[in-house]
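Here's the structure, in structure tokens; my notes come after.
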Amino acid sequence: MNVLELEDIQGYVVRGYAHMMYSRFAYMKITDPRAFRKWLSLSWPDFTTAQHVPDKSKINDTHLNIGFTHAGLKKLGMKAQNLAAFSREFREGMVSPHRTRILGDSDSSAPENWIWGGPKTDEIHLCLMVFGRDKGHKDDLERDKAVCIRYFEQLESRFPDMGVEVVYSLDGATQPDNKEHFGFRDGISQPIIEGSGRVGSKDDVVKAGEFIYGYRNEFGVYPDTPLLTENQGNMNLLSTDAEGSGKKDFGRNGTMMVMRQLQQDVEGFWTFLNEKTKNADGSINEAESLKLGAKIMGRWQSGAPITLFPEKDPGVISDINDFGYAKFDSDGLKCPFGSHLRRTNPRDSVDDHGVKESLKLSNQHRIIRRARLYGEIFEGSPTNRKPKGEVGLLFTCFNADISRQFEFLQYTWGNLPKIKELYNDPDPIIGVKENPKPGEEQNFTIQDVPVNRTISGLQRFITVRGGAYFFFPSISAIRYLGTI
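Using UniProt numbering, the letters of the sequence shown correspond one by one to residues 1 to 484.
Structural data, given as structure tokens:
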């Protein structure tokens, strides 16, 4: 097992910054490459690393991270041959016709309708991520917000001299119980990167190369990494390819970052569930509505897995994650095969494979998931359905192979309607089409005895508002970019 070089890895990929409840994501374009390279050459020590700080009181009250699009690296002056070393997905970007079809970005979610990252918006070159917290007031969102914005404004005052301009910015927050706007506890099931120092269930430990370049992955090989083929800049700042080619590895200790702004139709979601579970007199059956929501998600609103608590939410905030579907629910009678969480992380139950093979296959498609809420902090329920204004989440994930990880999850396990013995069941959260073809069914099947129950006419409650693929470089690579 390799120990990760945490001091060279940007922190957000390893740590979710849960202690920092407020953040700002600035999507920017570079107007003066020379000025921005100079800023990078001076400011690289300011970027937050993944290095463990045993004394929590010594953790900085602000964090800073950065990611670059393919267009951004080109704008900074990277040579064409060096840019060609990146994967096709990153080079094409999220809005090419092929990627749009894979991701199911159509109708209201079509890139032409996006407010950032789309073909009708200004080109994005980078995302600057700022996080803040007030050390003296735990779980105080407003105080964390003040710290974050104050730090951002300090940086913003220098943007003209740095040679950058904000195209779009989005503020993200978390709730103390980490619930998203539909009302469900979020972010419980995360892989543990081998060598990161984190501990947990052995089934959740995944080889570092699934998420970070320069380390072996679940296939026992090094992931494809952007190796430099043409000399430019101070290449002595970069490590040599771990696989022995002798080339400099621009990717080592970096990763790929996927970002998508997802608007949530909270009112539509709970109105749909209420309608499907209403009493004979037409009144809301709150308990059944909550239960159907848990079946669809795979967890109760508290975070408790429906696999272990099939009949009722235990009612206390839960981080329980040590369970397998093959062991506790092989027939899907507790957690339906088509539930969002079971589809996106089938654990030990992939199709007809055995437990060991299923765990291996699952780990080959894992992602490090991060999410921040935007809009009003709102906790949806059958009787609390109308937030003020637009609400949603900024979905962020890290993976070394966008195609095999994020895109596979979205297309194969999310959008495709066939899973197990089901044939018309897309992922009820991320895979439903807004306007299905005539005669096309979109169902959610609940396995039951003696016959299954079908929730028909699924509706789409998520709208993509923006997105992009970013390279999330190491500290060494950030420093290197300042020299090209």
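From the three backbone atoms N, C-alpha and C, an ideal C-beta is built for every residue, glycine too.
**Prompt:** Per the contact definition of three or more C-beta pairs closer than 8 Å, is the segment 262–273 in contact with the segment 459–476?
**Reply:** yes
**Prompt:** Within 10 angstroms of its Cβ, does GLN154 collect 16 or more other Cβ (buried), or is it exposed?
**Reply:** Within the sequence shown, residue 154 is the residue found at index 154, counting from 1. GLN154 should be labelled exposed.
**Request:** With MET256 as the anchor, note down where its alpha helix (DSSP H) starts and where it stops.
**Result:** Residue mapping note: residue 256 aligns to position 256 of the sequence shown, counting from 1. According to the DSSP assignment, MET256 belongs to no alpha helix (DSSP H) but to the beta strand (DSSP E) extending over 255–264.
**Request:** Tell me whether CYS335 sits in a helix, a strand or coil according to DSSP, three-state version.
**Result:** Residue numbering aside, residue 335 sits at position 335 when the sequence shown is read from its first letter. Looking at CYS335 - three-state DSSP - the assignment turns out to be coil, as it is neither helix nor strand.
**Asked** Cβ atoms of PHE269 and GLN447: under 8 Å apart, would you say?
**Response** Taking the first residue of the sequence shown as position 1, residue 447 is located at position 447. Taking the first residue of the sequence shown as position 1, residue 269 is located at position 269. The answer is no: Cβ separation not under 8 Å.
**Request:** Give every residue of the same chain whose Cβ lies closer than 8 Å to the Cβ of ASN82, excluding the five residues on either side of it in the sequence, and list them in chain order.
**Result:** Counted from its first residue, the sequence shown places residue 82 at position 82. Exclusion of the five residues before and after ASN82 leaves PRO226, LEU228, THR229, GLU230, GLN232, PHE250 as the residues of its chain whose Cβ lies within less than 8 Å of its Cβ.
**Asked** Who are the Cβ neighbours of LYS179 in its own chain at under 8 Å, not counting the five residues just before and after it?
**Response** The residue given as residue 179 occupies position 179 in the sequence shown. Cβ within range, chain order: ARG185, ASP186, GLN301, GLU379.
**Presumed contact (8 Å Cβ cut-off) between MET20 and PHE131, rounded CB distance** = Here the question's residue 20 lines up with position 20 in the sequence shown. Here the question's residue 131 lines up with position 131 in the sequence shown. With a Cβ gap of about 4 Å, MET20 and PHE131 count as contacting.
**Message:** So, at 7 Å on beta carbons, what are the nonlocal neighbours of ILE59 in its own chain, with the 5 sequence-adjacent residues on each side left out?
**Reply:** Locating residue 59 in the sequence shown gives position 59, counting from the first residue. Same-chain partners within the cutoff: VAL53.
**Message:** Using a 10 Å radius around the Cβ and a threshold of 16 neighbouring Cβ atoms, would you call ARG24 buried or exposed?
**Reply:** Locating residue 24 in the sequence shown gives position 24, counting from the first residue. Buried: at least 16 other Cβ atoms inside 10 Å.
**Message:** Taking DSSP's pairing of strands, which residues face VAL95 in a bridge?
**Reply:** On the sequence shown, position 95 is the one that residue 95 refers to. Per DSSP, none; premise fails for VAL95.
**Item:** Segment limits, beta strand (DSSP E) that includes SER23
**Value:** For the purposes of this step, residue 23 is identified with residue 23 of the sequence shown, where counting begins at 1. It spans 22–30 - the beta strand (DSSP E) in which SER23 sits, taken as one unbroken run.
**Message:** Suppose contacts are defined by Cβ-Cβ distances below 8 Å. Is ILE193 in contact with LEU4 by that definition?
**Reply:** Taking the sequence shown and counting its residues from 1, the one referred to as residue 193 is at position 193. Taking the sequence shown and counting its residues from 1, the one referred to as residue 4 is at position 4. Yes, the Cβ-Cβ distance between ILE193 and LEU4 is below 8 Å.
**Message:** Is the beta carbon of LEU394 closer than 8 Å to that of GLY67?
**Reply:** Within the sequence shown, residue 67 is the residue found at index 67, counting from 1. Within the sequence shown, residue 394 is the residue found at index 394, counting from 1. Not a contact, by the Cβ cut-off of 8 Å.
**6 Å CB neighbourhood of LYS135 in its chain, flanking five on each side removed** = The count along the sequence shown starts at 1 and reaches residue 135 at position 135. Counting only Cβ-Cβ distances below 6 Å, and skipping sequence neighbours, we find ASP61.
**Message:** the ligand ATP and HIS340: does any heavy atom of the ligand fall closer than 7 Å to the residue's C-beta?
**Reply:** Summarising the ligand content, the structure contains no ligands, and the ligand ATP is consequently not present.
**Asked** Among GLU311, GLN190, ASP224, which residue has its Cα nearest to the Cα of ASP401?
**Response** The residue labelled residue 401 in the question sits at position 401 within the sequence shown. ASP401 has its Cα closest to that of ASP224, out of GLU311, GLN190, ASP224.
**Request:** State the CB to CB distance for the pair ALA304 and PRO314, rounded to an integer number of angstroms; the pair is presumed to be in contact (CB under 8 Å).
**Result:** For the purposes of this step, residue 304 is taken as the residue at position 304 of the sequence shown. For the purposes of this step, residue 314 is taken as the residue at position 314 of the sequence shown. At roughly 5 Å, the Cβ-Cβ gap stays under 8 Å, so ALA304 and PRO314 are in contact.
**Asked** What's the gap between the Cα of LYS420 and the Cα of VAL355?
**Response** Within the sequence shown, residue 420 is the residue found at index 420, counting from 1. Within the sequence shown, residue 355 is the residue found at index 355, counting from 1. Roughly 15 Å separates the two Cα atoms.
**Request:** Starting from LEU126, trace the beta strand (DSSP E) both ways and give me its first and last residue.
**Result:** On the sequence shown, position 126 is the one that residue 126 refers to. Start and end: 126–132.
**Prompt:** For the segment 348–399, which segments carrying the alpha helix (DSSP H) assignment without a break, of at least 4 residues, lie completely within its bounds, in sequence order?
**Reply:** 355–363
**Request:** Round the Cβ separation of LEU458 and PRO382 to the nearest angstrom and send it over; I've been treating them as touching at under 8 Å.
**Result:** For this step, residue 458 is matched to residue 458 along the sequence shown. For this step, residue 382 is matched to residue 382 along the sequence shown. Actually they do not touch by this definition, with Cβ atoms about 18 Å apart.
**Prompt:** Are at least three pairs of beta-carbons, each pair with one atom in the segment 112–129 and one in the segment 153–169, less than 8 Å apart?
**Reply:** The answer is yes - the segment 153–169 touches the segment 112–129, with three or more Cβ pairs under 8 Å.
**Request:** Identify which residue in SER362, GLU357, LYS291 has its Cα closest to the Cα of ARG343.
**Result:** Sequence index remark: in the sequence shown, residue 343 carries index 343 (1-based). Shortest Cα-Cα distance from ARG343 to any of SER362, GLU357, LYS291 involves SER362.
**Alpha-carbon to alpha-carbon, THR271 and HIS286** = Counting from one through the sequence shown, the residue named residue 286 turns up at place 286. Counting from one through the sequence shown, the residue named residue 271 turns up at place 271. It should be pointed out that residue 286 corresponds to Glu in this sequence rather than to His. In a straight line, the C-alpha of GLU286 is about 11 Å away from that of THR271.
**Item:** Inter-residue Cα distance where the pair is ASP139 and GLY11
**Value:** The residue given as residue 139 occupies position 139 in the sequence shown. The residue given as residue 11 occupies position 11 in the sequence shown. So the alpha carbons of these two residues sit roughly 21 Å apart.
**Prompt:** Taking the C-alpha atoms as reference points, what is the distance between SER80 and ILE475?
**Reply:** Taking the first residue of the sequence shown as position 1, residue 80 is located at position 80. Taking the first residue of the sequence shown as position 1, residue 475 is located at position 475. Here residue 80 is Ala; the residue named in the question, Ser, does not match the sequence. One C-alpha to the other measures close to 22 Å.
**Request:** Would you kindly check if the distance between the Cβ of GLU267 and the Cβ of ARG385 is under 8 Å?
**Result:** Translated into positions along the sequence shown, residue 385 becomes position 385. Translated into positions along the sequence shown, residue 267 becomes position 267. Yes, the pair counts as a contact, with Cβ atoms nearer than the cut-off.
**Asked** For ASP8, which three-state DSSP category applies?
**Response** Counting from one through the sequence shown, the residue named residue 8 turns up at place 8. Residue state, collapsed to three classes: helix.
**Asked** What are the start and end residues of each continuous beta strand (DSSP E) run of 3 or more residues lying completely inside the segment 390–452, in chain order?
**Response** 392–399, 444–446
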